[in-house]
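Peer 1:
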Amino acid sequence: MIVSEYSTFEGRSLLRISATSPAQGSVGEETARTLESALAAIRDAGFSPENIVRSRLFTRDRQSRQEASDARRALLAGPLRGASSSFFDPDRLPGETRVQLDLEALASASGPAKRIVEYDPPIAPPKFVTLDGLVFLSGITDIGPGLTVQVPAIAAAIRASLAAAGTDLSRARRVAVFLALEESPQEALALIGQAMPGLPCPVTLTRVGGYSAPEKRIEIEVTAAPA
């Protein structure tokens, strides 16, 4: 199944593809088939896979999240690499599907070429990617004891990553929050408001089953314009 969503973002055309495929073979094989169909949809829409700026992965459980994440990292490599995040959330997936992959791509850029900046040392997600002046941070998590510790720590990491990309929170254009089902959305949003006051854009919150580790309770993505 393919769902395509077109939008404009800071004057650029943005395409979001959400893809699933039948549960056949291993989780890694299902991820590969899902990715292949998503890339074909991006090309058919006239966008370049090399302009992928963000990917999100949803699976049925923590083990399948790890298998699918490993497959995505191997297949979305080099110039296809984008900011990324991954979750397990069985209620989101239709039928027997084990993997949902969401990809976002910008139309052919007229500004600076895509830049991929890794963590040191590198980990599964890059720290951020930039394309045509826009900055896309990978989802950031923390393993401190609870939201009251994790949210400020994540906010500090977001500020550091944006500074490394040459911008700051005053230029944020999208803030996406993914919160563990057991946590309170109201508490999370209040803590985000305290840790990142004066955000110039809405904050969207989605509830998910979990992350790569049970200690993680929240993950935050930021997309920002250049300073």
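In case it helps, the numbering used here puts the sequence shown at residues 864 to 1090.
Built from N, CA and C at the ideal position, the CB exists for glycine as well.
It should be emphasised that the depicted structure is a prediction, and the values quoted were computed from it without experimental measurement.
#1: According to DSSP, is S927 part of a helix, a strand, or is it coil?
#2: Taking the Cβ atom as the reference point for each residue, do F921 and R955 lie within a distance shorter than 8 Å?
#3: Could you give the residue range of the beta strand (DSSP E) that holds S876?
#4: For V1024, name the three-state secondary structure that DSSP assigns.
#5: Just to confirm the assignment, what range does the alpha helix (DSSP H) spanning T894 have?
#6: Just how far apart, CA to CA, sit A908 and A1043?
#7: Quick check: the Cα distance between L943 and G1056, rounded to an integer number of angstroms?
#8: DSSP state of S825, grouped into three classes?
#9: Apply the 10 Å Cβ neighbour rule to T1086 and answer buried if 16 or more other Cβ atoms are within range, or exposed otherwise.
Peer 2: In short, the structure shows the following:
#1: Here residue 927 refers to the residue found at position 64 when the sequence shown is read from its first residue. S927: helix per DSSP, three-state reduction.
#2: Here the question's residue 921 lines up with position 58 in the sequence shown. Here the question's residue 955 lines up with position 92 in the sequence shown. Yes, the Cβ-Cβ distance between F921 and R955 is below 8 Å.
#3: The residue labelled residue 876 in the question sits at position 13 within the sequence shown. R875 to T883 is the extent of the beta strand (DSSP E) around S876.
#4: For the purposes of this step, residue 1024 is identified with residue 161 of the sequence shown, where counting begins at 1. Here the sequence assigns Ser to residue 1024, which means Val is not the residue at that position. DSSP places S1024 in helix when its eight states are reduced to three.
#5: Stepping through the sequence shown from its first residue, residue 894 is reached at position 31. Taken as a continuous stretch (DSSP letters only), the alpha helix (DSSP H) holding T894 covers V890 to D907.
#6: As a working note, residue 908 is residue 45 in the sequence shown. As a working note, residue 1043 is residue 180 in the sequence shown. Roughly 34 Å separates the two Cα atoms.
#7: Position 80 of the sequence shown, counted from the start, is the residue given in the question as residue 943. Position 193 of the sequence shown, counted from the start, is the residue given in the question as residue 1056. Those two C-alpha atoms are separated by around 34 Å.
#8: What is shown of the chain runs 864 to 1090, which leaves residue 825 out entirely.
#9: By 1-based counting over the sequence shown, the position of residue 1086 is 223. Flag for T1086 reads buried.
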